[in-house]
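Chemist: I have a structure I would like to understand better, so I am pasting it below and will then ask my questions one at a time.
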Amino acid sequence: MHEIFVNYRTKSGKEVAYSCDRALSARFGPDSVFLARKSIDPGNNYIDVLVRAARRSHVLLALVDEEWIDAPDRNRPGRRALDNPQDWVRRELEEALAAGVLIVPLFLGRRVEQLDPRRLPRSIAEIAECQYTRVDQHSLEADLTRLGDRLVRLVPALAALDRATPTDEPASAEPDFTVRNDHQSGGIGQVSGTVGTYVHDAHGPLNTGDGDQFNGTQINGDGTNHIAGDNQGGIRQGFGTRTPRGGEER
Numbered sequence: 000m001h002e003i004f005v006n007y008r009t010k011s012g013k014e015v016a017y018s019c020d021r022a023l024s025a026r027f028g029p030d031s032v033f034l035a036r037k038s039i040d041p042g043n044n045y046i047d048v049l050v051r052a053a054r055r056s057h058v059l060l061a062l063v064d065e066e067w068i069d070a071p072d073r074n075r076p077g078r079r080a081l082d083n084p085q086d087w088v089r090r091e092l093e094e095a096l097a098a099g100v101l102i103v104p105l106f107l108g109r110r111v112e113q114l115d116p117r118r119l120p121r122s123i124a125e126i127a128e129c130q131y132t133r134v135d136q137h138s139l140e141a142d143l144t145r146l147g148d149r150l151v152r153l154v155p156a157l158a159a160l161d162r163a164t165p166t167d168e169p170a171s172a173e174p175d176f177t178v179r180n181d182h183q184s185g186g187i188g189q190v191s192g193t194v195g196t197y198v199h200d201a202h203g204p205l206n207t208g209d210g211d212q213f214n215g216t217q218i219n220g221d222g223t224n225h226i227a228g229d230n231q232g233g234i235r236q237g238f239g240t241r242t243p244r245g246g247e248e249r
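According to numbering that gives the first Met the number 0, the sequence shown holds residues 0 to 249 in order.
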């Protein structure tokens, strides 16, 4: 089954439709995207294939440019294509809506405005209320990557097919126990050499090393930690392992 159905008008949306197919097929697999010219085999009944694919997809991308809503009907001069019940852009949207498919209006360019439901046939007016996204020719690759990221979050079936390379860095094999601060003014820091850890401006008992705790305010050269205050019990430090970070007119 094709998870993504690309709905477009041949005259104005073909190039972006093909770009969507290439990018999303590369990410989710060649059989994940339905594009009429690619996905209908010779000799098949294209009407049956289109209707079935639109109804069975998980998401339909409706490519909308500036001329989309007023595109003329090639077979009926003087009338809009969308006003023709046999217009395939309209029919595919109707089938997807009837089947409860997620509709994502994909606006092509920055000049496309929010769809007005009053200017759409009643059977597809609902798509004006669907949240849209945009792609632009100048940033098409990045825009399609972001689109794929959003579809993964919306459609679990696509998340299972996602081939995108994780960007998280691998976890370190050894835990890092060192606390570093080059401009320490209080708390715990590191001292160069063999002294190890020091505490500055402490206001309570703290022992960061082995052995007994002594009262004092300075650090001797023998490596002993001296902290002012009375120790009323043992203090232990523990460090856990860090969490890694198609035959129809359209």
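Note that CB positions come from ideal geometry on N, CA and C, so glycine has one too. Just so you know, these numbers come straight off a predicted model, no measurement behind them.
Please confirm whether Pro120 and Val63 have their CB atoms less than 8 Å apart.
Modeler: It is not a contact, given that the beta carbons lie outside the stated cut-off.
Chemist: Indicate whether the contact test is met: 3 or more Cβ pairs, each with one atom in the region 10 to 30 and one in the region 142 to 151, closer than 8 Å.
Modeler: Counting C-beta pairs with one atom in each stretch, the region 10 to 30 and the region 142 to 151 have three or more that are closer than 8 Å, which means they touch.
Chemist: For Val100 and Arg55, what's the separation of their Cα atoms in angstroms?
Modeler: 8 Å
Chemist: Quick test of the definition: if touching needs 3 or more C-beta pairs under 8 Å, does the region 34 to 50 touch the region 107 to 127?
Modeler: no
Chemist: Quick one: measure Cβ to Cβ for Ala16 and Val5, integer angstroms, because I've assumed they're closer than 8 Å.
Modeler: 5 Å
Chemist: Within its chain, find whatever has a CB closer than 7 Å to the CB of Glu66; leave out the 5 residues flanking it on each side and keep chain order.
Modeler: Cβ neighbours of Glu66 beyond the five flanking positions: Ser11.
Chemist: From Met0 to Trp87, what distance separates their C-alpha atoms?
Modeler: 20 Å
Chemist: Could you check what DSSP says for Glu168 in three-state terms: helix, strand or coil?
Modeler: Note on Glu168: pLDDT 40, under 50, position unreliable in the model; no value is reported.
Chemist: By DSSP, does Gly188 sit in helix, in strand, or in coil?
Modeler: Note on Gly188: pLDDT 44, under 50, position unreliable in the model; no value is reported.
Chemist: By alpha-carbon positions, which one of Ser138, Arg133, Gly108, Arg90 ends up nearest to Asp311?
Modeler: Look at the range of the chain in this structure, 0 to 249, and you will see that residue 311 is not part of it.
Chemist: Grouping DSSP H, G and I as helix and E and B as strand, with all else coil, what is Val103?
Modeler: strand
Chemist: Residues bridged to Phe4 by DSSP?
Modeler: Paired residues: Phe33, Leu59.
Chemist: Taking the beta carbon of Arg8 as the centre, do at least 16 other beta carbons fall within 10 Å, making it buried, or is it exposed?
Modeler: buried
Chemist: Taking C-beta to C-beta, are Glu2 and Val154 nearer than 8 Å?
Modeler: Against a cut-off of 8 Å, the Cβ pair of Val154 and Glu2 comes out as a contact.
Chemist: Once DSSP output is grouped into helix, strand and coil, what is the label at Pro155?
Modeler: helix
Chemist: Report the rounded CA-to-CA distance for Leu92 versus Pro76, giving the unit in angstroms.
Modeler: Rounded to whole angstroms, Leu92 and Pro76 show a C-alpha spacing of 23 Å.
Chemist: So, with DSSP's three-state summary, where would you put Val15?
Modeler: The answer is helix: DSSP assigns Val15 an H, G or I state.
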